[in-house]
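Have a look at the structure below, then the notes.
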Amino acid sequence: MVIAVIILAGVISVVLIGVALSTLTHLNQRDIAFTGIQTEFHMESCVQEALIQLKRDTAYAGATIVLGEGNCTIAVSGSDNIRTIQIIGTLKQFTREVTIMVTLSPWAITDWGEP
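In the numbering used here, each residue's number is its place in the sequence shown (first place is 1) plus 423.
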């Protein structure tokens, strides 16, 4: 009888450990997905900031912006009527990059790409 109880306790322990590991894996996957979505929102904020600043000041050269746990680096290059905006955003293990081409007059986004 004691051996049966020990075997049953062992089986229950193995099952509970399996369930716990499965739950941890699922929670980790949800955290990664949520961080990916947050990275997307951070990137959109940085793009908007870059476009607003460039529209206000055609000499705007860029900046580094801290957004909660993440950040983005904005670099603006070009001359005359055309500017290239390169933005690299990082949040935890995620990094996103976008390059935007802008014509200043008339104001227009002429190209938008992610490598």
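Beta carbons: idealized from backbone N, C-alpha and C, even for Gly.
In its own chain, which residues sit with a C-beta less than 6 Å from the C-beta of residue i, not counting the 5 before and 5 after it?
i	result
glycine 512	His465, Met466, Cys469, Cys495 and Arg519
isoleucine 435	none
Compute the Euclidean distance between the alpha carbons of residue i and residue j, then round it to the nearest angstrom.
i	j	result
arginine 479	arginine 453	39 Å
isoleucine 426	valine 437	17 Å
leucine 527	glycine 536	18 Å
glycine 501	glutamine 471	19 Å
glycine 485	glycine 493	17 Å
isoleucine 523	glycine 433	60 Å
glycine 459	aspartate 503	36 Å
alanine 482	aspartate 534	20 Å
isoleucine 508	glutamine 476	11 Å
phenylalanine 517	alanine 498	19 Å
isoleucine 440	isoleucine 429	16 Å
So the candidates are the options; which of them puts its Cα closest to the Cα of residue i?
i	options	result
threonine 462	Val525, Leu514 and Thr533	Leu514
isoleucine 532	Ile429, Ala473, Ile440 and Ala482	Ala473
proline 529	Gln476, Ile505, Met424 and Gln509	Ile505
valine 487	Ile510, Ile475 and Leu477	Note on identity: in this sequence residue 487 is threonine, with valine being the wrong assignment. Checked all of Ile510, Ile475 and Leu477; the closest Cα to threonine 487 is Ile510.
Which same chain residues, not among the five before or five after residue i, have their C-beta less than 7 Å away from its C-beta?
i	result
leucine 490	His465 and Ser468
proline 538	Glu520
Using a Cβ-Cβ cut-off of 8 Å (strictly less than) and excluding sequence neighbours within five positions of residue i, which residues of its own chain qualify?
i	result
methionine 424	none
* Uninterrupted beta strand (DSSP E) stretches inside the region 471 to 524 (no shorter than 3 residues) -> 485 to 490, 493 to 500 and 505 to 514
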